[in-house]
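One structure is given below, encoded as structure tokens.
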Amino acid sequence: MRELDTLLGSFVEEVYLSLSSEDKRRFSNLLDLPDPDIHAYLVGRSTPPDPGLVKLLDRIRANRST
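Take the sequence shown: its position 1, counting from 1, is numbered 210 in the working numbering, and each next residue is one higher.
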């Protein structure tokens, strides 16, 4: 999905290096998911079971609006 590439690419460029090692692991695990699942998480159609991933997704969404 091109939208995901744009959104996640800008997050990597602007925020990734400042993440904790745990959040970097979560981000890597997120990227292993199918695109439709990632998209559903990002638009709020579905919520991941990991509360840490929920917080990371919030940061990704916040980065989109900057």
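From the three backbone atoms N, C-alpha and C, an ideal C-beta is built for every residue, glycine too.
| CA-to-CA distance, Pro258 to Ile269, given in whole angstroms | For the purposes of this step, residue 269 is taken as the residue at position 60 of the sequence shown. For the purposes of this step, residue 258 is taken as the residue at position 49 of the sequence shown. Roughly 17 Å between the two C-alpha positions.
| Which residue's Cα is closest to the Cα of Thr215: Asn238, Asp244, Ser227 and Gly261? | What you label residue 215 is simply residue 6 of the sequence shown in a count that begins at 1. Looking from the CA of Thr215, the closest CA among Asn238, Asp244, Ser227 and Gly261 belongs to Asp244.
| task | Kindly give me the distance between the Cβ atoms of Leu239 and Leu262, rounded to whole angstroms, as I take these residues to be in contact under 8 Å. | result | What you label residue 239 is simply residue 30 of the sequence shown in a count that begins at 1. What you label residue 262 is simply residue 53 of the sequence shown in a count that begins at 1. Going by Cβ atoms, the distance from Leu239 to Leu262 rounds to 7 Å, so yes, they are a contact pair.
| request: Kindly indicate which residue of Leu265, Asn272 and Glu222 has the alpha-carbon position closest to the one of Ser230. | output: To locate residue 230, count along the sequence shown from 1; it is residue 21. Looking at the Cα atoms, Leu265 is the closest of the given residues.
| message | Give me, in chain order, the residues of the same chain whose beta-carbon lies closer than 6 Å to that of Ala249; leave out the 5 immediate sequence neighbours on both sides. | response | As a first step, residue 249 must be located in the sequence shown, where it is residue number 40. The answer, listed in chain order, is Ser255.
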